[in-house]
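Residue numbers (my numbering), protein chains in the order written: chain A, 4 to 351; chain B, 4 to 351. Even glycine gets a Cβ: it sits at the ideal position worked out from N, Cα and C. Take a look at the structure below.
There are 2 protein chains.
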Amino acid sequence: MQKKPFFPARRVFITSAGSVVGHKEKKGPLGALFDLGGDDRFGKDSWEKAEAEMQRLALGIAMRKAELVEGDLDLLVAGDLVNQCVSSSYGLLGYRIPFLGLFGACSTCAEGLLLATLATASVCRRCAAVTSSHFCTAERQFRYPLEYGGQRTPTAQWTVTGSGAFIVSSRPGDAQRTTGVYVPEILDVMPGCIVDRGITDAANMGAAMAPAAADTILRYRDSGCLGDEILFVTGDLGAEGSAILYDLLRAQRLDIEDRHTDCGLRIYHRDAADAHAGASGCGCSAVVLAAELLEMVKSGEIAEMCFLATGALMNTAAVQQGQSIPGIAHLVHIRGVRRDTVCDGQTE
Amino acid sequence: MQKKPFFPARRVFITSAGSVVGHKEKKGPLGALFDLGGDDRFGKDSWEKAEAEMQRLALGIAMRKAELVEGDLDLLVAGDLVNQCVSSSYGLLGYRIPFLGLFGACSTCAEGLLLATLATASVCRRCAAVTSSHFCTAERQFRYPLEYGGQRTPTAQWTVTGSGAFIVSSRPGDAQRTTGVYVPEILDVMPGCIVDRGITDAANMGAAMAPAAADTILRYRDSGCLGDEILFVTGDLGAEGSAILYDLLRAQRLDIEDRHTDCGLRIYHRDAADAHAGASGCGCSAVVLAAELLEMVKSGEIAEMCFLATGALMNTAAVQQGQSIPGIAHLVHIRGVRRDTVCDGQTE
Numbered sequence: 004m005q006k007k008p009f010f011p012a013r014r015v016f017i018t019s020a021g022s023v024v025g026h027k028e029k030k031g032p033l034g035a036l037f038d039l040g041g042d043d044r045f046g047k048d049s050w051e052k053a054e055a056e057m058q059r060l061a062l063g064i065a066m067r068k069a070e071l072v073e074g075d076l077d078l079l080v081a082g083d084l085v086n087q088c089v090s091s092s093y094g095l096l097g098y099r100i101p102f103l104g105l106f107g108a109c110s111t112c113a114e115g116l117l118l119a120t121l122a123t124a125s126v127c128r129r130c131a132a133v134t135s136s137h138f139c140t141a142e143r144q145f146r147y148p149l150e151y152g153g154q155r156t157p158t159a160q161w162t163v164t165g166s167g168a169f170i171v172s173s174r175p176g177d178a179q180r181t182t183g184v185y186v187p188e189i190l191d192v193m194p195g196c197i198v199d200r201g202i203t204d205a206a207n208m209g210a211a212m213a214p215a216a217a218d219t220i221l222r223y224r225d226s227g228c229l230g231d232e233i234l235f236v237t238g239d240l241g242a243e244g245s246a247i248l249y250d251l252l253r254a255q256r257l258d259i260e261d262r263h264t265d266c267g268l269r270i271y272h273r274d275a276a277d278a279h280a281g282a283s284g285c286g287c288s289a290v291v292l293a294a295e296l297l298e299m300v301k302s303g304e305i306a307e308m309c310f311l312a313t314g315a316l317m318n319t320a321a322v323q324q325g326q327s328i329p330g331i332a333h334l335v336h337i338r339g340v341r342r343d344t345v346c347d348g349q350t351e
Numbered sequence: 004m005q006k007k008p009f010f011p012a013r014r015v016f017i018t019s020a021g022s023v024v025g026h027k028e029k030k031g032p033l034g035a036l037f038d039l040g041g042d043d044r045f046g047k048d049s050w051e052k053a054e055a056e057m058q059r060l061a062l063g064i065a066m067r068k069a070e071l072v073e074g075d076l077d078l079l080v081a082g083d084l085v086n087q088c089v090s091s092s093y094g095l096l097g098y099r100i101p102f103l104g105l106f107g108a109c110s111t112c113a114e115g116l117l118l119a120t121l122a123t124a125s126v127c128r129r130c131a132a133v134t135s136s137h138f139c140t141a142e143r144q145f146r147y148p149l150e151y152g153g154q155r156t157p158t159a160q161w162t163v164t165g166s167g168a169f170i171v172s173s174r175p176g177d178a179q180r181t182t183g184v185y186v187p188e189i190l191d192v193m194p195g196c197i198v199d200r201g202i203t204d205a206a207n208m209g210a211a212m213a214p215a216a217a218d219t220i221l222r223y224r225d226s227g228c229l230g231d232e233i234l235f236v237t238g239d240l241g242a243e244g245s246a247i248l249y250d251l252l253r254a255q256r257l258d259i260e261d262r263h264t265d266c267g268l269r270i271y272h273r274d275a276a277d278a279h280a281g282a283s284g285c286g287c288s289a290v291v292l293a294a295e296l297l298e299m300v301k302s303g304e305i306a307e308m309c310f311l312a313t314g315a316l317m318n319t320a321a322v323q324q325g326q327s328i329p330g331i332a333h334l335v336h337i338r339g340v341r342r343d344t345v346c347d348g349q350t351e
């Protein structure tokens, strides 16, 4: 196994992002930051169609911000939680851009950015990465009918209704056209290994995913790439999973509690109804990264971060057949670089 | 949109492949070519676990043929048809190799080879691409309970029980260690766009996917990369979809009927019970490519081919909600190169 992260051969930047959310997310502490939101239906007659529509809107917003049209994008990578990832295929159908479908569960945002980095550093000018989740599609597909009023356990997380889209570009001109003092540059990426620690409780995804996050962070540390100042951002471990992550890492002599945040703990107010251990879903880390964290990188508030979206690689049939829930975590190392230094050593 | 295919920056080879199939496939005309097969259960107590086991076995075989151990592989890309792609995550869980999950429906084999090419040409030494399908998991997930004895329509296809795994390497030493006079080299790849022509009949996947195959082939022709001698191999259009493909291409002044074959028409005897329009499933193109076509490249019988696996990007909920079935087709351009010329211009 490769011991090092993957370093792109060309400099690669996140030059634009779009975020679209539902009403619960809009009412949360980050509400004002999202590009679009406040409704869960988006004018559609099914939740599945509404989720697809969010992806369409999020990519459109990201493209508009970067002043790009379809022909400017060479590749689109996208995935979601709905069976056979149809939110992506129906949502992005209208864009005539070569498309690669991903399945990474809630790690999809990081997986998409990782692949966009590899593609943009080698064969593409620009690649878009898109993902989404919707509380109503996820709830009825993975758990219970929406009409069913079951009690939620304290470790349960609330699936975010939201979609995030990112434009990854290797063109210095694109980076220079961004707003903000700093441009988010992807320095390196590290794909995760599948990790199974025997968790069988489908209402405790944090516990299923935390070992995968720990595994990737430790592999990254062992590669020698981990600076002392890097902020760790996990996708949707929630309160339960974050606590488990700290314990697992402390056992390996790494303490990250003071420099860690979890997107699942940022998007809802702590007293939001039924959010319990926090938020989850592919959309969770995608919209928090798009609307809040990348803006903090651009303003200089965050200098450098390891963004780790985590996923639980199960389905309902597997859980019913008694299988445990494996997790995965992909890492994307992002640093803010001064916009006026972008041209250094880079040819357009 | 990028008008050209993606050309890898380093030479990339398919240095090994493994194929595992079920009993219907083993009894077919290619039966003797598969590495392992003849049973549909693989010692497991559910069809889903059996499908996962096929992936595990297929990758193990491909690694053994190439004399590789886990540490020699830097990346694993895999996907399947089962909800949330769990055949891949459970099947490949035991391999400690960084993993990226894909969803491309029946186009997954080509999508995996495409991404393995991009990764191997830039950041990896070697990458494995794996996919599978199983008649019993697909039938009960997408169509009817297995016990239900519904009549199948003439356009229906039979989902292949099988898994194919491929090792893609950029190391000339790996290519030189292969058997055969020629080594399959991936010259370029072209990801497909999502194409929706309004097909709503879930028992006619060939019709849903043929427009996507035509779209990718025409984009490839327009890029100027299409030689006159290239064989076209589609994944699982079957009899119906192949006929539609010829018609669509003839309308654009391209006739490929004399130099086209479809994996879905090669794997079962024409009079095999219920195979009707041919075979389908992620496993179909994967096992035919692994067991038959790559061997023909290695012997020189096939000089050059465009391998296009096609996928139908739907799920049952979408079809029930009245949505049409979009298709996609990714292209992988493979040529046999003499083994003794592999070192040319390539550094280990």
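Interface residues of chain B around residue i at Cβ under 8 Å?
{"i": "Pro-329 (chain A)", "result": "Ser-92, Tyr-93 and Leu-96"}
{"i": "Asp-204 (chain A)", "result": "The premise fails here: Asp-204 (chain A) is roughly 17 Å from chain B at the closest Cβ pair, so nothing lies under 8 Å."}
Please report the distance separating the alpha-carbon of residue i from that of residue j.
{"i": "Val-322 (chain B)", "j": "Asn-86 (chain A)", "result": "12 Å"}
{"i": "Arg-129 (chain A)", "j": "His-333 (chain A)", "result": "21 Å"}
{"i": "Pro-187 (chain B)", "j": "Gly-303 (chain A)", "result": "49 Å"}
{"i": "Thr-219 (chain B)", "j": "Leu-71 (chain B)", "result": "34 Å"}
{"i": "Glu-54 (chain A)", "j": "Leu-84 (chain A)", "result": "10 Å"}
{"i": "Ser-90 (chain B)", "j": "Gly-176 (chain A)", "result": "43 Å"}
{"i": "Phe-310 (chain B)", "j": "Ile-337 (chain B)", "result": "7 Å"}
{"i": "Ala-294 (chain B)", "j": "Asp-274 (chain B)", "result": "22 Å"}
{"i": "Ala-159 (chain A)", "j": "Asp-75 (chain A)", "result": "41 Å"}
{"i": "Thr-156 (chain A)", "j": "Ala-210 (chain A)", "result": "14 Å"}
{"i": "Phe-9 (chain A)", "j": "Glu-73 (chain B)", "result": "18 Å"}
{"i": "Gly-34 (chain B)", "j": "Gly-25 (chain B)", "result": "10 Å"}
{"i": "Ala-205 (chain B)", "j": "Val-163 (chain B)", "result": "17 Å"}
{"i": "Met-57 (chain A)", "j": "Ala-69 (chain B)", "result": "45 Å"}
{"i": "Gly-238 (chain B)", "j": "Tyr-151 (chain B)", "result": "28 Å"}
{"i": "Ala-216 (chain B)", "j": "Ile-331 (chain B)", "result": "7 Å"}
{"i": "Lys-301 (chain A)", "j": "Thr-18 (chain B)", "result": "44 Å"}
{"i": "Glu-28 (chain A)", "j": "Phe-102 (chain B)", "result": "31 Å"}
{"i": "Gln-154 (chain B)", "j": "His-279 (chain B)", "result": "11 Å"}
Quick check on residue i: does DSSP put it in helix, strand or coil?
{"i": "Ala-20 (chain A)", "result": "strand"}
{"i": "Glu-307 (chain B)", "result": "strand"}
{"i": "Leu-117 (chain B)", "result": "helix"}
{"i": "Glu-351 (chain B)", "result": "Bear in mind that a pLDDT of 42 at Glu-351 (chain B), under 50, signals an unreliable position, so the number given afterwards is only what the model happens to contain. If DSSP states are grouped into helix, strand and coil, Glu-351 (chain B) belongs with coil."}
{"i": "Ser-283 (chain B)", "result": "strand"}
{"i": "Cys-88 (chain A)", "result": "helix"}
{"i": "Ile-64 (chain B)", "result": "helix"}
{"i": "Cys-266 (chain B)", "result": "helix"}
{"i": "Gly-230 (chain B)", "result": "coil"}
{"i": "Pro-214 (chain A)", "result": "helix"}
{"i": "Val-192 (chain B)", "result": "strand"}
{"i": "His-137 (chain B)", "result": "coil"}
For the putative contact between residue i and residue j, defined by C-beta atoms under 8 Å, what is the C-beta separation to the nearest angstrom?
{"i": "Leu-221 (chain A)", "j": "Gln-255 (chain A)", "result": "6 Å"}
{"i": "Gly-167 (chain B)", "j": "Gly-286 (chain B)", "result": "7 Å"}
{"i": "Ala-108 (chain A)", "j": "Leu-316 (chain A)", "result": "6 Å"}
{"i": "Pro-329 (chain B)", "j": "Leu-252 (chain A)", "result": "The pair is not a contact, with the Cβ atoms about 43 Å apart (cut-off 8 Å)."}
{"i": "Val-171 (chain B)", "j": "Val-15 (chain B)", "result": "6 Å"}
{"i": "Leu-292 (chain A)", "j": "Ile-305 (chain A)", "result": "That belief does not hold up - the Cβ atoms of Leu-292 (chain A) and Ile-305 (chain A) are roughly 11 Å apart, past 8 Å."}
{"i": "Cys-127 (chain A)", "j": "Leu-78 (chain A)", "result": "5 Å"}
{"i": "Thr-134 (chain B)", "j": "Ala-81 (chain B)", "result": "6 Å"}
So which of the options has the shortest CA-CA distance to residue i?
{"i": "Met-193 (chain A)", "options": "A:Leu-116, A:Phe-102 and A:Ala-210", "result": "A:Leu-116"}
{"i": "Val-236 (chain A)", "options": "A:Cys-228, A:Ala-289 and A:His-272", "result": "A:Ala-289"}
{"i": "Tyr-185 (chain A)", "options": "A:Gly-153, A:Arg-342 and A:Thr-156", "result": "A:Arg-342"}
{"i": "Ser-110 (chain A)", "options": "A:Val-340, A:Thr-162, A:Thr-313 and A:Gln-144", "result": "A:Thr-313"}
{"i": "Gly-165 (chain B)", "options": "B:Val-345, B:Leu-39, B:Gln-324 and B:Lys-7", "result": "B:Leu-39"}
{"i": "Ser-327 (chain A)", "options": "B:Ile-64, B:Ala-12, B:Gly-94 and B:Val-80", "result": "B:Gly-94"}
{"i": "Asn-207 (chain A)", "options": "A:Ile-247, A:His-263 and A:Glu-260", "result": "A:Ile-247"}
{"i": "Pro-365 (chain A)", "options": "A:Thr-182, A:Ser-245 and A:Arg-59", "result": "With chain A covering 4 to 351 only, the question about residue 365 (chain A) has no answer from this structure."}
Can you pull the chain A residues whose beta carbon is under 7 Å from the beta carbon of residue i, in chain order?
{"i": "Gly-82 (chain B)", "result": "Phe-106"}
{"i": "Met-317 (chain B)", "result": "Gln-87 and Val-89"}
{"i": "Phe-9 (chain B)", "result": "Val-126"}
Would you say residue i lies against chain E (beta-carbon separation less than 7 Å)?
{"i": "Leu-121 (chain B)", "result": "Absent here is chain E; the protein component of the structure consists of chains A and B."}
Closer than 7 Å by beta-carbon distance: list the chain B residues that pair up with residue i, in chain order.
{"i": "Ala-12 (chain A)", "result": "Ser-125"}
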